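Chains as they are written, first to last, in the numbering used here: chain D, 5 to 164; chain Z, 208 to 979. Glycine included, every Cβ here is placed at the ideal spot set by N, Cα and C. Keep in mind it's a predicted model, so treat the numbers as computed, not measured. Take a look at the structure below.
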């Protein structure tokens with residue numbers, strides 16, 4: 005099937021098998037390998053990206069279902085060489101160790117902060133329940149998301 | 208050895224992170240080689256079956272398929288999966304990379320399909336027809352040790368792979384003198400390590416150069432190179448193992464796996480690059496598991512709480528084959544049976560037994576969590592029997608700080624420690640007295656609140672070479688380049704531990720250079736001198752020590768040249784902030800200037816060897832023994848059995864901390880894994896050897912909302928074993944936390960007369976106990 009997907013603002017047209025997973029489209033066809041695969045069963049969340057602004061697990065969506073969609077992956081988050089506040093927060097707060105879950109974790113947090121710009125700790129913990137991390141015990145991840153929420157809140161206040 | 212404190216001891220942000228938070232680092236599956244073929248493995252659906260025949264015709268003719276290999280193809284061509292552990296009279300079965308004749312665990316590789324893409328490879332694997340004849344399955348290790356059990360390896364006539372005795376002292380006399388003997392049967396459930404990145408291999412053979420490049424998600428690139436060279440029959444210096452980013456290991460990648468050898472062999476046979484990436488289901492079935500001991504512990508004790516002796520009679524479930532260190536893991540349990548207490552007589556009898564399951568091996572803690580859990584659990588049982596506060600019982604049996612180095616009945620010398628200090632600090636943070644009062648009040652209201660304490664010690668910084676199958680030294684090279692930039696080559700292989708940062712901190716302080724000028728290179732056997740790798744909390748304590756010695760050699764050499772350049776004696780110079788000062792005429796030179804002069808040697812002393820580089824292989828004289836106290840406070844829901852963690856306090860002593868931010872991260876993650884063992888995780892096989900927990904849907908890796916906020920503090924008793932004074936911290940959290948949580952939950956249930964419950968303490972189990 006012929007489909008066209010926009011990833012991080014770049015349109016990519018391809019003739020794909022109907023069974024091709026979106027994550028393989030992103031990794032193998034678009035060559036963006038920051039979106040990782042940890043389970044292929046939508047449990048671990050390592051493959052999370054934004055599809056039309058919403059956080060989705062790209063291992064359980066077919067590429068054909070994303071025909072015409074706008075996808076943002078981890079590689080599309082930094083702008084003009086400046087890290088996104090979430091990326092900065094993960095760095096500042098030691099929110100990662102091996103880094104494998106990190107892109108998915110950041111993209112999920114991105115979706116979370118869009119819905120709820122100033123979440124409580126409890127809301128962050130529940131908001132990230134679709135993403136597994138085996139290294140950090142989550143505490144520094146929670147701190148990183150809080151850091152980003154504060155920074156984005158301050159930026160938004162300034163813009164107002 | 209002298210260090211600045213500009214970086215060491217500071218919470219330096221990791222230099223690894225910018226690439227990782229942007230998703231532009233490279234794990235094995237992110238590396239693309241044009242024309243690479245995909246490998247899919249067909250695995251056994253049976254735990255024990257004879258293979259009558261395998262038909263590969265349909266698979267061979269499927270679209271995109273390049274080749275299909277079975278056991279026949281690799282027999283005599285690819286060596287057996289190695290076991291490096293040595294024990295007297297150990298039975299070591301031959302472990303082929305593809306099964307031939309029979310299969311003995313679910314997930315055992317049977318055939319490898321090579322195709323032009325991964326979808327086609329998996330499709331074709333489904334077309335392979337295998338005629339199996341199911342055999343009797345044995346999954347219970349204690350039953351497998353009985354004489355009438357079905358045999359997994361007929362050639363041995365038994366499923367018992369070894370019997371290991373450890374300990375010393377007159378145990379029988381201790382038990383005769385005892386006022387009381389406390390005995391408990393304990394099960395340490397089987398766990399799955401679950402690194403978030405599954406295993407993966409990419410192999411590329413260059414027939415002209417006769418060189419095999421092999422990228423693998425491993426913790427031990429050099430050991431893997433040696434073993435694969437032997438398995439594949441190629442010269443070790445023509446095999447280059449490259450370890451790119453590794454997405455976690457926890458011991459599961461401290462191994463040599465069939466798929467690594469297969470990928471290398473297929474690439475050589477086809478003269479094509481090939482890639483195999485493990486699925487999560489394969490990761491559950493065919494990557495090593497951990498723990499899996501069942502046994503009985505008995506402790507002889509006086510009425511005043513003095514410990515006299517300990518016996519542990521245990522059966523270790525080895526699984527179907529030995530992986531690299533399988534038989535060695537329970538021996539580590541034996542070494543740590545003294546815990547952080549004076550126990551004059553200790554005796555362990557361990558039977559290692561084959562079962563129709565995946566092999567067990569090193570999972571974070573590797574044998575030590577088992578020891579700590581049983582010692583700390585039984586300490587609470589003794590306290591209950593003697594009607595003593597569990598904290599007082601522990602205190603009473605601690606060695607005092609002036610008794611270090613402390614000799615245990617298991618043959619170890621604990622290097623340093625102050626167990627009382629960490630305990631007092633932890634109790635102060637939780638306000639233990641008040642907590643016990645709160646608990647009384649809660650109980651009066653019918654609420655099930657529990658407090659659990661674990662005082663632990665672990666054996667780390669593996670270790671003296673004599674104690675490790677492949678040696679326990681580590682290597683480092685420090686090279687000051689002509690422009691003054693510093694390159695470090697380390698034999699350890701970090702996969703999340705952040706040594707690119709902490710090693711730069713060590714070198715930065717020792718050479719007085721910015722950490723931005725230090726590049727730490729690891730995980731490429733063609734670039735880095737031989738090393739042992741990352742496991743056993745050894746990165747800083749052994750690898751970092753090697754680095755400190757290598758850096759010291761560089762400074763010494765630089766000093767010789769600096770003295771020459773300044774026309775003075777070496778003894779008159781001091782090295783401060785990257786500059787040699789103290790020349791009579793107040794002239795000075797920087798390390799960068801010395802480096803340039805060393806590479807452009809127009810003005811050097813006679814016989815001075817050009818260049819500024821040094822290598823050191825550090826052999827530690829002892830292990831280190833990190834320790835600490837963990838306190839967990841829980842409330843169990845009477846209606847649902849759900850455990851809520853109210854507080855979690857950990858005071859750890861890992862000696863000197865190079866980067867406290869990284870130390871915190873290690874402790875957090877360790878606690879999460881140990882807590883998960885206490886409350887959630889268990890690998891379950893049914894009686895047919897089917898793996899029931901074969902996906903993340905069924906195996907309960909904890910999520911963010913299931914874990915508490917950890918309150919950390921530390922004490923610092925530097926180790927004399929290495930010049931950094933660092934003991935290692937990678938496994939401390941895992942070791943300290945499981946008993947703290949278990950003790951807390953069991954304490955909460957004590958109004959129901961509950962004295963012990965086997966892990967994991969899931970709501971249903973607790974609910975049933977309360978309803979019984």
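Cβ-Cβ distance between residue i and residue j below 9 Å
i	j	result
residue 879 of chain Z	residue 142 of chain D	yes
residue 657 of chain Z	residue 368 of chain Z	no
residue 452 of chain Z	residue 234 of chain Z	yes
residue 828 of chain Z	residue 933 of chain Z	no
residue 80 of chain D	residue 11 of chain D	yes
residue 537 of chain Z	residue 557 of chain Z	yes
residue 519 of chain Z	residue 555 of chain Z	yes
residue 327 of chain Z	residue 400 of chain Z	no
residue 93 of chain D	residue 150 of chain D	yes
residue 867 of chain Z	residue 216 of chain Z	yes
residue 698 of chain Z	residue 652 of chain Z	no
residue 317 of chain Z	residue 359 of chain Z	no
residue 82 of chain D	residue 229 of chain Z	yes
residue 245 of chain Z	residue 483 of chain Z	yes
Residue i - containing alpha helix (DSSP H), residue span
i	result
residue 429 of chain Z	428-439
residue 114 of chain D	106-119
residue 382 of chain Z	378-384
residue 95 of chain D	89-96
residue 953 of chain Z	939-955
residue 962 of chain Z	Note, residue 962 of chain Z: premise wrong, no alpha helix (DSSP H); not H, not E.
residue 451 of chain Z	Here residue 451 of chain Z belongs to no alpha helix (DSSP H), and DSSP marks it neither H nor E.
residue 356 of chain Z	First-last for residue 356 of chain Z: undefined, no H or E at that position.
residue 765 of chain Z	752-773
residue 580 of chain Z	575-593
Status (buried if at least 16 other CB within 10 Å, exposed otherwise) for residue i
i	result
residue 710 of chain Z	buried
residue 487 of chain Z	buried
residue 299 of chain Z	buried
residue 223 of chain Z	buried
residue 647 of chain Z	exposed
residue 586 of chain Z	buried
residue 891 of chain Z	exposed
residue 135 of chain D	buried
residue 1050 of chain Z	Absent from the structure is residue 1050 of chain Z, since the part of chain Z shown begins at 208 and ends at 979.
residue 122 of chain D	exposed
residue 131 of chain D	buried
residue 293 of chain Z	exposed
residue 620 of chain Z	exposed
Limits of the unbroken beta strand (DSSP E) element including residue i
i	result
residue 421 of chain Z	418-423
residue 397 of chain Z	387-398
residue 135 of chain D	Premise fails: residue 135 of chain D is in no beta strand (DSSP E) and is neither H nor E.
From the options, residue whose alpha carbon lies closest to that of residue i
i	options	result
residue 961 of chain Z	Z:750, Z:616 and Z:584	Z:584
residue 705 of chain Z	Z:225, Z:580 and Z:602	Z:225
residue 524 of chain Z	Z:502, Z:561, Z:434 and Z:572	Z:561
residue 758 of chain Z	Z:512, Z:353 and Z:712	Z:712
residue 7 of chain D	D:66, D:156 and D:106	D:66
residue 969 of chain Z	Z:924, Z:668, Z:244 and Z:396	Z:396
residue 940 of chain Z	Z:918, Z:722 and Z:609	Z:918
residue 393 of chain Z	Z:408, Z:503 and Z:339	Z:503
residue 800 of chain Z	Z:230, Z:791, Z:787 and Z:792	Z:787
residue 898 of chain Z	Z:236, Z:283, Z:689 and Z:252	Z:252
residue 28 of chain D	D:13, D:47, D:77 and D:57	D:77
residue 766 of chain Z	Z:783, Z:374, Z:314 and Z:334	Z:783
residue 30 of chain D	D:156, D:53 and D:47	D:53
residue 726 of chain Z	Z:752, Z:378, Z:688 and Z:747	Z:688
For residue j and residue i, believed in contact at Cβ under 8 Å, the rounded distance
i	j	result
residue 936 of chain Z	residue 744 of chain Z	6 Å
residue 834 of chain Z	residue 344 of chain Z	Their Cβ separation, rounded to whole angstroms, is 42 Å, which puts residue 834 of chain Z and residue 344 of chain Z out of contact at 8 Å.
residue 821 of chain Z	residue 685 of chain Z	6 Å
residue 90 of chain D	residue 140 of chain D	In fact, because the Cβ distance is near 15 Å, the residues do not count as touching under 8 Å.
residue 622 of chain Z	residue 612 of chain Z	6 Å
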